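Working notes, beginning with the structure itself.
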Amino acid sequence: MRVLVVEDYEPVRSAVVQALAEQEFVVDVALDGHDGLWQAQSGEHDVIVLDIMLPKVDGIEIVRQLRRKAITVPVLLLTALDAVEDRVAGLDSGADDYLVKPFSMVELLARVRALVRRRFNDASASISIGTMTIDTIARSVAVAGQPITLTAGEYKLLELLARRRGQIITRTEIWNSLYDMNSESASNVVDVYIGYLRRKLREVGIDELIETRRGIGYVMRESIE
Numbered sequence: 017m018r019v020l021v022v023e024d025y026e027p028v029r030s031a032v033v034q035a036l037a038e039q040e041f042v043v044d045v046a047l048d049g050h051d052g053l054w055q056a057q058s059g060e061h062d063v064i065v066l067d068i069m070l071p072k073v074d075g076i077e078i079v080r081q082l083r084r085k086a087i088t089v090p091v092l093l094l095t096a097l098d099a100v101e102d103r104v105a106g107l108d109s110g111a112d113d114y115l116v117k118p119f120s121m122v123e124l125l126a127r128v129r130a131l132v133r134r135r136f137n138d139a140s141a142s143i144s145i146g147t148m149t150i151d152t153i154a155r156s157v158a159v160a161g162q163p164i165t166l167t168a169g170e171y172k173l174l175e176l177l178a179r180r181r182g183q184i185i186t187r188t189e190i191w192n193s194l195y196d197m198n199s200e201s202a203s204n205v206v207d208v209y210i211g212y213l214r215r216k217l218r219e220v221g222i223d224e225l226i227e228t229r230r231g232i233g234y235v236m237r238e239s240i241e
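Below you can see the structure in the form of structure tokens.
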């Protein structure tokens, strides 16, 4: 799962990013409203954690612009303002939840998970490809009802490919999506993980689901034959 954190105050930003990363979320960061709005429009995030009082563009205006463009990614607003009218303004802008500073990281994580569940319940919390079912909330995979044991990295890779099946995804894009960093060894690491995943799928009778596009990356087929 990928989360965008838009927060200009470094102590809060660092604490939120660390808490999310420890729960295996991939985290992108923006330090002001202008950059936050730009990143939020990418369509790559499952949840946005958004401060209201930001330089350049405030959080409420960011939410309004996203909703006007029919971008429905869940937004959790963070603010030091606790008046009823402030809460109303935030929720009326199209935000999904509201958290007042100071807050505990436990509560923030609970609210982020709730927004993830709500989003995928609305858009199906599972992905089905033939006899394979991916439960994106429980982060589990089963084929014909029988669970497959995957590492965290293998699961992330499978979910990414499944969500974008039929689309070619480059090795660099896979690496950045899963690990949120750049590395000269990214290509080799991705190839190794693809090999692991293919082997585990082959063991349960699924072969040639993930195809190589030489010199580019990988694509998951639309269906299992």
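Start counting the sequence shown at 17; every next residue gets the next number (my numbering). Backbone N, C-alpha and C fix where the C-beta goes; we use that ideal spot for every residue, glycine too. Since the model is a prediction, treat every value here as computed from it, not as a measurement.
With distances taken from CA atoms, which of the options is nearest residue i?
i: Ala111; options: Asp51, Arg83 and Ile164; result: Arg83
i: Arg214; options: Gln55, Met236, Asn204 and Arg230; result: Met236
i: Met148; options: Val128, Ala178, Arg127 and Ala168; result: Ala178
i: Thr188; options: Val205, Leu174 and Lys172; result: Val205
i: Val45; options: Val21, Ser30 and Ala168; result: Val21
i: Gln162; options: Lys85, Gly169, Ala168 and Ile150; result: Ile150
i: Ala96; options: Leu70, Gln81, Gly182 and Gln34; result: Leu70
i: Ala105; options: Gly146, Asp74 and Arg134; result: Asp74
i: Arg134; options: Leu47, Gly49, Val89 and Thr228; result: Val89
i: Gly52; options: Glu38, Ala37, Glu40 and Val91; result: Val91
i: Ser142; options: Thr167, Leu47, Leu174 and Gln34; result: Leu174
i: Tyr212; options: Lys172, Ala31 and Arg29; result: Lys172
i: Ile190; options: Glu224, Arg229 and Gly233; result: Gly233
i: Ile226; options: Val220, Arg181 and Val208; result: Arg181
i: Gly146; options: Val28, Val32, Ala31 and Glu238; result: Glu238
i: Leu47; options: Lys72, Ala31, Phe41 and Gly169; result: Lys72
i: Gly231; options: Ile185, Arg218 and Leu217; result: Ile185
i: Ile240; options: Leu94, Gly49, Val159 and Ala168; result: Val159
i: Glu60; options: Leu176, Ile222, Arg218 and Arg229; result: Leu176
i: Arg218; options: Gln183, Gln81 and Thr165; result: Thr165
i: Val19; options: Lys216, Val28, Pro27 and Glu40; result: Glu40
i: Thr228; options: Ile210, Lys85 and Lys216; result: Ile210
i: Glu123; options: Leu107, Leu94 and Ser144; result: Leu94
i: Ala130; options: Ile222, Trp54, Val65 and Ala31; result: Val65
i: Ala244; options: Val33, Val28, Glu38 and Ser30; result: Any answer about residue 244 is impossible in this case: the structure gives the chain only from 17 up to 241.
i: His50; options: Ala35, Ala31 and Gln81; result: Gln81
Any idea which residues DSSP pairs residue i with across the strands?
i: Leu93; result: Leu66 and Tyr114
i: Val45; result: Val21
i: Ala158; result: Thr149 and Pro163
i: Ser144; result: Thr149
i: Thr88; result: In the DSSP output, where bridge partners are listed per residue, Thr88 has none listed.
i: Thr188; result: DSSP output for Thr188 lists no bridge partner at all.
Pop quiz: residue i and residue j are said to be a contact at Cβ under 8 Å. What is the actual Cβ separation, rounded to whole angstroms?
i: Ile87; j: Gln57; result: 6 Å
i: Asp67; j: Asp24; result: 7 Å
i: Val128; j: Val63; result: 5 Å
i: Val79; j: Ser109; result: 4 Å
i: Leu107; j: Tyr114; result: 6 Å
Does residue i get closer than 7 Å to chain D when you measure Cβ to Cβ?
i: Thr149; result: Of the protein chains in the structure, only one exists, and it is not chain D.
In chain order, each alpha helix (DSSP H) run of at least 4 residues that lies wholly inside the segment 212-241: none
Cβ contact (3+ pairs, closer than 8 Å) linking the segment 106-120 and the segment 142-160: no
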